[in-house]
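> Residue numbers for the sequence shown follow this note's numbering, so the first one is 1463 and each next one is one higher. Cβ atoms here follow ideal geometry from the backbone N, Cα and C, with glycine treated the same way.
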Amino acid sequence: MSTVSTDQNLKSLVGGEATVLLPVSAGQLGKVRMRLGDQDVELTATTREEAPIPRGTTAFVIAMNGDRVEVASLRSLDPIAAKHRARSAPPQAR
1463 MSTVSTDQNL KSLVGGEATV LLPVSAGQLG KVRMRLGDQD VELTATTREE APIPRGTTAF
1523 VIAMNGDRVE VASLRSLDPI AAKHRARSAP PQAR
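1. If the criterion is Cβ atoms closer than 7 Å, does the pair GLU1504 and ARG1517 meet it?
2. Secondary structure at SER1535, three-state DSSP: helix, strand or coil?
3. Along the chain, which unbroken stretches of the alpha helix (DSSP H) at least 4 residues long are found entirely within the region 1489-1540?
4. In whole angstroms, what separates the C-alpha of ASP1502 from that of VAL1476?
5. In terms of DSSP beta bridges, what is SER1474 paired with?
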(Lines of atoms letter the chains of each structure in order from A and count residues from 1; the text may use other names and numbers.)
(Lines give C-alpha, C1' and ligand atoms only; values in the text may rest on other atoms or scores of the structure.)
Protein backbone atom coordinates (compact mmCIF):
# COMPACT_ATOMS: atom_id res chain seq x y z
CA MET A 1 0.00 0.00 0.00
CA SER A 2 1.07 3.53 -0.66
CA THR A 3 0.20 6.73 1.16
CA VAL A 4 -1.28 9.67 -0.72
CA SER A 5 0.70 12.71 0.32
CA THR A 6 -0.26 15.67 -1.84
CA ASP A 7 -3.45 17.73 -1.77
CA GLN A 8 -3.54 17.55 -5.58
CA ASN A 9 -3.67 13.75 -5.52
CA LEU A 10 -6.28 13.73 -2.76
CA LYS A 11 -8.56 16.16 -4.60
CA SER A 12 -8.38 14.00 -7.72
CA LEU A 13 -10.12 11.21 -5.78
CA VAL A 14 -13.44 13.11 -5.60
CA GLY A 15 -15.93 11.47 -7.94
CA GLY A 16 -14.13 8.14 -7.88
CA GLU A 17 -15.21 4.73 -6.66
CA ALA A 18 -13.87 3.18 -3.46
CA THR A 19 -14.22 -0.26 -1.92
CA VAL A 20 -15.24 -0.20 1.74
CA LEU A 21 -12.73 -2.11 3.90
CA LEU A 22 -14.14 -1.14 7.31
CA PRO A 23 -17.85 -0.21 7.60
CA VAL A 24 -18.61 3.50 7.76
CA SER A 25 -21.70 5.34 9.05
CA ALA A 26 -22.55 8.84 10.27
CA GLY A 27 -21.19 8.11 13.74
CA GLN A 28 -18.38 5.76 12.80
CA LEU A 29 -15.20 6.30 10.79
CA GLY A 30 -14.41 3.59 8.28
CA LYS A 31 -11.73 2.78 5.76
CA VAL A 32 -11.82 2.55 1.98
CA ARG A 33 -9.43 1.46 -0.75
CA MET A 34 -9.12 3.35 -4.01
CA ARG A 35 -7.00 3.20 -7.11
CA LEU A 36 -4.82 6.26 -7.72
CA GLY A 37 -2.87 5.91 -10.93
CA ASP A 38 -1.16 2.54 -10.67
CA GLN A 39 -1.34 2.37 -6.86
CA ASP A 40 -3.93 1.20 -4.34
CA VAL A 41 -4.40 3.64 -1.47
CA GLU A 42 -6.30 3.21 1.80
CA LEU A 43 -8.02 6.22 3.33
CA THR A 44 -10.10 6.99 6.39
CA ALA A 45 -13.71 7.50 5.35
CA THR A 46 -16.68 9.41 6.71
CA THR A 47 -20.29 9.57 5.54
CA ARG A 48 -23.48 11.43 6.37
CA GLU A 49 -25.53 8.26 5.98
CA GLU A 50 -27.10 6.87 9.14
CA ALA A 51 -27.21 3.29 7.86
CA PRO A 52 -23.77 1.70 7.79
CA ILE A 53 -22.11 1.22 4.43
CA PRO A 54 -20.90 -2.39 4.80
CA ARG A 55 -17.54 -3.93 4.02
CA GLY A 56 -17.12 -4.86 0.37
CA THR A 57 -19.59 -2.22 -0.86
CA THR A 58 -18.62 0.12 -3.67
CA ALA A 59 -18.96 3.70 -2.42
CA PHE A 60 -18.43 6.97 -4.21
CA VAL A 61 -16.17 9.76 -2.97
CA ILE A 62 -18.21 12.95 -2.83
CA ALA A 63 -15.80 15.23 -0.92
CA MET A 64 -12.43 15.54 0.76
CA ASN A 65 -12.24 16.65 4.39
CA GLY A 66 -8.57 17.09 5.20
CA ASP A 67 -6.98 13.67 4.72
CA ARG A 68 -10.35 11.87 4.90
CA VAL A 69 -12.75 11.07 2.10
CA GLU A 70 -16.49 11.53 2.46
CA VAL A 71 -18.31 8.68 0.76
CA ALA A 72 -21.87 7.88 -0.27
CA SER A 73 -23.42 4.55 -1.12
CA LEU A 74 -25.07 3.84 -4.44
CA ARG A 75 -28.43 3.53 -2.66
CA SER A 76 -28.17 7.14 -1.47
CA LEU A 77 -27.05 8.42 -4.87
CA ASP A 78 -29.60 6.45 -6.91
CA PRO A 79 -32.30 9.19 -6.90
CA ILE A 80 -29.67 11.74 -7.99
CA ALA A 81 -28.36 9.43 -10.71
CA ALA A 82 -31.89 8.77 -11.97
CA LYS A 83 -32.55 12.52 -12.31
CA HIS A 84 -29.24 12.99 -14.13
CA ARG A 85 -30.01 10.13 -16.55
CA ALA A 86 -33.46 11.59 -17.26
CA ARG A 87 -32.01 15.03 -18.03
CA SER A 88 -29.22 13.70 -20.24
CA ALA A 89 -31.34 11.20 -22.21
CA PRO A 90 -31.85 12.11 -25.87
CA PRO A 91 -35.31 13.45 -26.72
CA GLN A 92 -37.77 10.84 -27.99
CA ALA A 93 -38.59 10.84 -31.69
CA ARG A 94 -41.98 12.38 -32.35
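Let me spell this out:
1. For GLU1504 and ARG1517, no; Cβs fall outside 7 Å.
2. strand
3. none
4. Those two C-alpha atoms are separated by around 15 Å.
5. Note: SER1474 sits in no beta bridge, so no partner.
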